[in-house]
Amino acid sequence: MSAARIVQAVAQREAIPLSPRVHWVGALDPGLRSFDIILKTANGTSYNAYVVRGSHGVAVVDTVKREFSADFFARLEQVAEYDEIKAIVLNHLEPDHTGALPELMERAPNAQLYISNKAQMMLKALLKRENLAFTTVDTGDRIDLGDRSLRFLHTPYLHWPDTQCAYLAEEQILFSGDVFGCHFCDARLFNDFTGDFRFSFEYYYAHIMRPFRDFVVRALDLIEPLPLGLIAPAHGPILRDRPSDYVKRYRELASPRLKREIHPGEKTLLVFYISSYGNTARMAEAIHSAAQEISGVRASLYDLEGGDTETFADLLEEADAIVLGSPTINGDAVKPIWDLLSSLTVIDMKGKLGAAFGSYGWSGEAVRMIEDRLRGLKLRVPLQGVRVKLIPTPEEILQCHAFGRALGEELMGRREARVIDMSDLLTSQYSA
Ligand code: FEO
2 MSAARIVQAV AQREAIPLSP RVHWVGALDP GLRSFDIILK TANGTSYNAY
52 VVRGSHGVAV VDTVKREFSA DFFARLEQVA EYDEIKAIVL NHLEPDHTGA
102 LPELMERAPN AQLYISNKAQ MMLKALLKRE NLAFTTVDTG DRIDLGDRSL
152 RFLHTPYLHW PDTQCAYLAE EQILFSGDVF GCHFCDARLF NDFTGDFRFS
202 FEYYYAHIMR PFRDFVVRAL DLIEPLPLGL IAPAHGPILR DRPSDYVKRY
252 RELASPRLKR EIHPGEKTLL VFYISSYGNT ARMAEAIHSA AQEISGVRAS
302 LYDLEGGDTE TFADLLEEAD AIVLGSPTIN GDAVKPIWDL LSSLTVIDMK
352 GKLGAAFGSY GWSGEAVRMI EDRLRGLKLR VPLQGVRVKL IPTPEEILQC
402 HAFGRALGEE LMGRREARVI DMSDLLTSQY SA
């Protein structure tokens, strides 16, 4: 089909062939401007669903957001009778892909649901039905449709625990769910026809997949050996032109970029600060220079004033330790620090070393608030942060040095455990 014919067919609620036996039966949502509240979708999105016809039955792969059910059913009815539908494959249960599921189950009562093991609880919560019948599948399990079959790949946490992919070996088509998808609505559907969506593909990866990098790597290990003629994702263009390039790009995005430049055995410690009167800045410099003295520590210092926190995403992802310094203003840490902390939600920070410090006028809540947030993001915060009232004295600068050294030693696994005295618990200051 030409691009113009596809646009016309999509508008007329026709099913669009990917091949003689496989059709797109999804829906377009060009007016959407934000997804899940937080994601920008300047070009709208699509909810891609597919139908696979085998000699012994039909499988439906995913559905659409509920508001778009009419489009989905109109297309579906063009390529399958409801009593032919043998399988409903749910690669992911988020409502943008399961909105039409309850109605589909009513219309196609012979169909068996296929979900990943981790999707069971979600399916029950979604459908709120007793005696729900479904089959859980894992890597290597297959649905036999006669001369076509769907083989499953267990790819959890991309980006929910339940996510999986299905592979149609006879046509080398991967139904990948959200993986390799993006929010980019273009009625020409196929990546060799649509506008340039690279920015959206990268944005989607950065905000949806990046926090689960280890799981991306494991999924790629399963996907890369497959012969790929086409990738059929759940959002955005269908990738029939050089589909392997998108797999390769995921591998690049999921590969550490900075580790290669750091000597083996070195660990990175990043100190970010912002300072009103130079007091928190002096503390930052002392902590940074002391940490740098510890053998094996590669320490870096960054002033967040006027800075865009997004530029630090790669550094933060690769860092082994993050130390944040903020004054306390109106009982709070200041906005650039919260912006930086907010940016950490799209990065896997689990297990990294975290710490905080700062100068304050009279109450000094910022350090504890930052520490709490770091713990909430699953960083380790083993050292109580340093707080200094207004201008640091020479003794307090020495205390910052001790804090920086202790952080460096902790990072390198050389810090000796110390006995906590009750007096430590009564003071808000770090002492070493
Ligand atoms: Fe497209 Fe995670 O739903």
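Note that the sequence shown covers residues 2 to 433 in the working numbering. Every residue gets a Cβ at the ideal spot worked out from N, C-alpha and C, and that includes glycine. Bear in mind the structure is a predicted one, so any value in this text is a computation, not a measurement.
| query | Using the C-alpha atoms, what's the distance from LEU378 back to LEU345? | reply | 8 angstroms
Which of helix, strand or coil DSSP assigns to SER177 = strand
In the region 283-348, which residue ranges form an unbroken beta strand (DSSP E) of at least 3 residues, counting only runs that do not cross its ends? 298-304 and 322-326
How many whole angstroms separate the CB atoms of THR156 and LEU223, which I take to be in contact at a CB cut-off of 8 angstroms?
7 angstroms
Note to self: Any residue with its Cβ nearer than 5 angstroms to a heavy atom of ligand 1 should be included. What is that list in chain order?
What the structure shows: Result (chain order): GLU95, ASP97 and ASP179.
May I ask which residues mark the beginning and end of the alpha helix (DSSP H) holding ASP246? ASP246 -> alpha helix (DSSP H) spans 244-255.
Starting from GLN121, trace the alpha helix (DSSP H) in both directions and tell me its first and last residue. 121-128
### Message
With DSSP as the reference, identify every bridge partner of TYR478, one or two as the case may be.
### Response
In the structure as shown, the chain starts at 2 and stops at 433, and residue 478 therefore has no counterpart that could be examined.
Span separating the alpha-carbon of ILE7 from that of ILE17: 7 angstroms
Classify THR310: buried if its beta carbon has 16 or more other beta carbons within 10 angstroms, exposed otherwise. buried
Exercise for review: Would you grab the beta carbon distance between GLN173 and GLY230 for me? Rounded to a whole angstrom, and I think it's under 8 angstroms.
Suggested key: By a beta-carbon distance limit of 8 angstroms, GLN173 contacts GLY230. Their separation comes to about 3 angstroms.
Are the Cβ atoms of ILE239 and LEU169 separated by less than 8 angstroms?
For ILE239 and LEU169, no; Cβs fall outside 8 angstroms.
Consult DSSP for THR46 and reduce its assignment to one of helix, strand or coil.
strand
Excluding the five sequence neighbours on either side, which residues of its own chain have a C-beta within less than 7 angstroms of the C-beta of PRO383, listed in chain order? GLU411
Measure how close the beta-carbons of SER327 and GLY359 come, nearest whole angstrom, since I'm counting them as under 8 angstroms. Between the beta-carbon of SER327 and that of GLY359 there is about 5 angstroms, and that keeps the pair under the 8 angstroms contact cut.
inquiry  = Please classify ALA364 as buried or exposed, where buried requires at least 16 neighbouring CB atoms within 10 angstroms.
reply    = It should be pointed out that residue 364 corresponds to Ser in this sequence rather than to Ala. Answer is exposed; the Cβ neighbour count stays below 16.
Short check: CB of ILE338 to CB of GLU318, under 8 angstroms?
It is not a contact, given that the beta carbons lie outside the stated cut-off.
Which residues mark the beginning and the end of the alpha helix (DSSP H) in which PRO96 is found?
-> 96-99
At a cut of 8 angstroms, does the region 43-59 reach the region 83-90 through at least three beta carbon pairs? yes
Could you have a look at ALA5 and say whether DSSP puts it in helix, strand or coil? helix
**Asked** Counting along the chain, where does the alpha helix (DSSP H) carrying SER201 start and finish?
**Response** 199-205
key: Cβ-based burial, VAL218 [other Cβ within 10 Å; buried from 16]   = Exposed.
| Rounded separation between ASP63 and ALA235 - CA only | 8 angstroms
Checklist line | Whole-angstrom C-beta distance between TYR48 and PHE176, which should lie under 8 angstroms | finding: So it is not a contact: roughly 14 angstroms between Cβ atoms.
Buried or exposed: which applies to ARG149, given that a residue is buried once 16 or more other Cβ atoms fall within 10 Å of its Cβ? buried
Fill in: Proximity below 8 angstroms, CB of LEU40 to CB of HIS160
no
Excluding sequence positions up to five away, which residues of its chain have a Cβ less than 7 angstroms from the Cβ of GLU397? VAL389
Residues near MET2 in its chain [Cβ-Cβ closer than 8 angstroms; skip 5 each side]: ALA10, ILE17 and PRO18
- prompt: Mind checking whether LEU29 and ALA188 have CB atoms under 8 angstroms apart?
  reply: A contact, by the Cβ cut-off of 8 angstroms.
ALA392, DSSP secondary structure in three states:
What sits at residue 392 in the sequence shown is Ile, not Ala. In this structure, ILE392 counts as coil in the three-state DSSP scheme.
ask   = For the region 61-75 against the region 116-125, are there 3 or more C-beta pairs whose distance is under 8 angstroms?
value = Output reads no: the region 116-125 does not touch the region 61-75.
Original post:
Do GLU65 and ALA101 have their CB atoms nearer than 8 angstroms?
Top reply: The question names Glu, but residue 65 in the sequence shown is Val. Going by C-beta atoms, VAL65 is nearer than 8 angstroms to ALA101.
Straight-line gap, ALA134 to TYR115 (C-alpha atoms, nearest Å) = Distance between the alpha carbons of ALA134 and TYR115 is about 10 angstroms.
LEU33 to ARG241, Cα distance in whole Å?
-> 25 angstroms
Requested in this report: May I ask you to check if the CB of GLN113 is nearer than 7 angstroms to at least one heavy atom of ligand 3?
Outcome: Among the ligands modelled here, namely ligand 1, ligand 3 does not occur.
Just list the residues that DSSP pairs ILE116 with in beta bridges. THR137
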